Every structure is written in structure tokens, then in C-alpha cells.
Amino acid sequence: MVTGILTQVNHASFILDESGDRHFEDRIIWNGYLAHWSGEKVHARELKQHDYENNEPIIIIWPVESSSTEPFVDLYYNERLTKYFVSYLGHTAVNVNGSIFNFSHLMNENEIMEKEEYFYRPALGEFAPSPNNGLFEILEDGRVFYDKFGRNFMRTIHRIRIFGLDTEKMMAALTQSLDIILNTPLNPKEPEKYKDFSIVSNNCATIIRDVFNQCGFPQIKGRFPRDLFVNTTYHLFCHPELDVQYAKLPQLFVPEAPMSMVSPLLNFRNYFRKNELRIFESS
Numbered sequence: 278m279v280t281g282i283l284t285q286v287n288h289a290s291f292i293l294d295e296s297g298d299r300h301f302e303d304r305i306i307w308n309g310y311l312a313h314w315s316g317e318k319v320h321a322r323e324l325k326q327h328d329y330e331n332n333e334p335i336i337i338i339w340p341v342e343s344s345s346t347e348p349f350v351d352l353y354y355n356e357r358l359t360k361y362f363v364s365y366l367g368h369t370a371v372n373v374n375g376s377i378f379n380f381s382h383l384m385n386e387n388e389i390m391e392k393e394e395y396f397y398r399p400a401l402g403e404f405a406p407s408p409n410n411g412l413f414e415i416l417e418d419g420r421v422f423y424d425k426f427g428r429n430f431m432r433t434i435h436r437i438r439i440f441g442l443d444t445e446k447m448m449a450a451l452t453q454s455l456d457i458i459l460n461t462p463l464n465p466k467e468p469e470k471y472k473d474f475s476i477v478s479n480n481c482a483t484i485i486r487d488v489f490n491q492c493g494f495p496q497i498k499g500r501f502p503r504d505l506f507v508n509t510t511y512h513l514f515c516h517p518e519l520d521v522q523y524a525k526l527p528q529l530f531v532p533e534a535p536m537s538m539v540s541p542l543l544n545f546r547n548y549f550r551k552n553e554l555r556i557f558e559s560s
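Here it is, written out as C-alpha cells:
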């Protein structure tokens with residue numbers, strides 16, 4: 278990993294470190310990074326995936342940010358992707374001390390991710406949308422375009438950061454849930470999909486809800502991402518031993534992704550909870 282200033286000079290782009298050395302000058306640096314962070318201090322490293330233009334490791338770049346010195350849990354509600362109907366209800370994930378647990382109907386998306394990969398992967402190589410239709414596509418030449426780059430470039434993300442939880446217990450419960458998925462026998466007809474996934478009873482929201490229940494919060498309810506987010510925030514704010522902080526992470530607009538939209542709340546009680554909290558005024 279290198280750290281320095283994301284720099285553009287004429288048609289060249291690179292990371293300029295404190296010693297004056299240039300890094301990744303002859304490599305592809307995604308335009309989305311240059312649009313948002315040119316002139317700012319960033320981290321950068323190579324990914325194992327390769328770009329399709331030069332067949333070189335993809336460079337991931339992310340901003341230098343302060344990190345928490347206290348144990349924490351983040352719950353994320355990702356707004357819906359307007360170009361995919363299956364994203365109508367949005368998405369949710371959870372971060373325990375920097376390890377982000379992501380649950381999905383696709384087997385390869387059930388994983389523990391580093392923050393930079395979850396939020397800031399570039400729209401290059403397999404992460405990019407297809408140049409043909411702007412969506413997921415597998416081309417005849419074997420190239421795959423998953424249209425799964427950094428979440429914060431694809432959506433606005435709502436976050437609650439929680440201090441005071443037993444993070445070791447939560448980490449263990451999340452790891453167990455992930456292991457169950459990864460050890461579930463595949464359906465030979467659809468090996469790429471999680472066989473036991475259900476949009477109503479076994480999805481990203483219900484898995485995380487059940488983990489909160491196991492960790493001592495049985496009152497937390499919710500079958501869908503935004504309902505779970507509002508419900509969890511409401512109930513955790515009622516616990517004086519917890520410090521719960523809300524933040525909205527606006528979408529970093531790039532041409533590869535339309536602006537996201539807030540998904541509906543399906544439990545009418547959560548409308549009242551949301552209004553009572555008064556922290557989602559712009560959501």
C-alpha cells in the first residue's frame with residue numbers, strides 16, 4: 278500500500294508520496310477517483326483482479342480517513358439501484374471493527390470485505406458495467422462485467438455507528454451465519470446462487486436481524502433493509518449504555534451509475550419511528 282496525493286499533470290495521473298516519488302504513473306487510474314479526490318491524500322494498492330485493457334492488476338484508491346480507536350459496529354442501509362428491479366428494497370450490511378459482512382442471494386457475494394473494497398472499488402475490469410448495456414453481462418469472449426464496483430459510487434449509504442456492543446460476540450455470530458451459507462450444498466441448476474435465500478425470510482436483512490437478536494436485542498425486527506435499519510436505530514437509541522451515531526454518506530456520482538433512490542418502508546410503524554428519531558430528515 279502507498280499513501281500520497283492523487284495527482285494529475287497534463288495527461289498523467291499518479292500517487293505522489295511525501296518523498297516525491299510517483300506511484301502507478303504508467304497504470305490505469307479510474308476516472309471516478311480523479312473526479313472526486315484529485316489533489317487529496319489517499320491510499321492505493323493493487324487488487325488481485327486484472328483490468329481488461331492492459332491485463333494488469335486493478336488499482337484501488339480510497340481517501341485517508343481517521344479510524345475509530347474504540348470497538349464499534351456499523352449498520353449500513355444502501356439505497357436501491359434504480360436500474361435493477363431486484364434492488365428495489367435496497368441492501369444492508371454490517372461492519373464489526375473494520376470487517377464488513379455482506380450477505381447476498383449470490384454465493385460469491387457472501388463474504389467478509391475490507392472497507393476500501395466495499396465502498397471504493399473502481400468500475401474497471403470485472404467490477405464495471407458492461408459497455409454494451411450498462412448492466413451485468415457475460416460476453417462471448419468470456420469477459421464478465423458484474424457491475425459491482427464501490428458501493429458508495431453506486432448508492433447513497435445511511436449508517437449508524439454503535440459503540441458499547443459486545444463486538445466479539447457479534448463477530449462470532451456473523452461468522453457463524455456466513456459459514457452456514459458457504460457450507461450450504463449448491464443447487465446444480467443454479468450453482469451461482471445461495472440455495473436457501475428467500476426475499477422474505479432469509480435475506481441480508483433477516484440474517485443481520487437474527488444476529489442482533491442473538492446478541493441480546495430480541496426487540497429488533499425487520500424483514501427488509503430499510504425497515505431493519507430504522508427499527509434497529511430506534512431500539513438501540515433506547516439503550517443508555519450505547520452510543521449510537523447516524524451519518525449519511527452521499528453517493529459519489531460517476532457516469533457508470535445513476536443516482537440511487539430510497540426504498541419504501543413496508544412496515545407502517547417504522548414511518549412513525551423514523552419521524553420520532555428526526556435523524557432521517559433528508560432520507
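Residue numbers (our numbering): 278 to 560. For every residue, glycine included, the Cβ atom is placed at its ideal position computed from N, Cα and C. Computed from a predicted structure; not experimentally measured.
Worksheet item: Since L366 contacts E317 with CB under 8 Å, what's their CB separation in whole angstroms?
Response: Taking the first residue of the sequence shown as position 1, residue 366 is located at position 89. Taking the first residue of the sequence shown as position 1, residue 317 is located at position 40. About 34 Å; that fails the 8 Å criterion.
Discussion item. Quick check on H288: buried or exposed, where buried means 16 or more other Cβ atoms within 10 Å of its Cβ?
Written reply: Start at 1 with the first residue of the sequence shown, and residue 288 comes out as number 11. It is exposed - the Cβ of H288 has fewer than 16 other Cβ atoms within 10 Å.
Worksheet item: What runs of the beta strand (DSSP E), each 3 residues or longer, lie entirely inside the stretch 329–367?
Response: 334–340, 350–355
Fill in: Paired residues, beta bridge with I292 - DSSP
Here the question's residue 292 lines up with position 15 in the sequence shown. Its beta-bridge partners are L283, H300.
Worksheet entry | Separation of R299 from F404, as counted between CA atoms | Stepping through the sequence shown from its first residue, residue 404 is reached at position 127. Stepping through the sequence shown from its first residue, residue 299 is reached at position 22. F404 and R299: Cα-Cα distance of roughly 26 Å.
Worksheet item: L554 to Y511, Cα distance in whole Å?
Response: Taking the first residue of the sequence shown as position 1, residue 554 is located at position 277. Taking the first residue of the sequence shown as position 1, residue 511 is located at position 234. Roughly 7 Å separates the two Cα atoms.
Item to complete: Could you name the residues of the same chain whose beta carbon sits closer than 6 Å to that of V373, not counting the 5 residues immediately before and after it, in chain order?
Response: If you number the sequence shown from 1, residue 373 lands on position 96. Cβ neighbours of V373 beyond the five flanking positions: V350, T444, M447, M448.
Worksheet item: From P406 to F422, what distance separates their C-alpha atoms?
Response: The count along the sequence shown starts at 1 and reaches residue 406 at position 129. The count along the sequence shown starts at 1 and reaches residue 422 at position 145. Looking at the two C-alpha atoms, the distance is approximately 5 Å.
Discussion item. On the CB-based measure, 16 or more other CB atoms within 10 Å of its CB, does F362 come out buried or exposed?
Written reply: Mapped onto the sequence shown, residue 362 falls at position 85. Under this definition F362 is an exposed residue.
Worksheet item: Which term fits P399, buried or exposed, when burial requires 16 or more other beta carbons within 10 angstroms of its beta carbon?
Response: What you label residue 399 is simply residue 122 of the sequence shown in a count that begins at 1. Its Cβ being crowded by 16 or more others within 10 Å, P399 is buried.
Discussion item. Suppose contacts are defined by Cβ-Cβ distances below 8 Å. Is V224 in contact with L513 by that definition?
Written reply: Coverage of the chain is limited to positions 278 through 560, which leaves residue 224 absent and any answer about it impossible.
Worksheet item: What is the residue span of the alpha helix (DSSP H) that Y397 lies within?
Response: Your numbering for residue 397 matches position 120 in the sequence shown. Counting along the chain, the alpha helix (DSSP H) containing Y397 begins and ends at 392–397.
Worksheet item: Around the C-beta of A312, are 16 or more other C-beta atoms found within 10 angstroms, so that it is buried, or is it exposed?
Response: The count along the sequence shown starts at 1 and reaches residue 312 at position 35. Answer is exposed; the Cβ neighbour count stays below 16.
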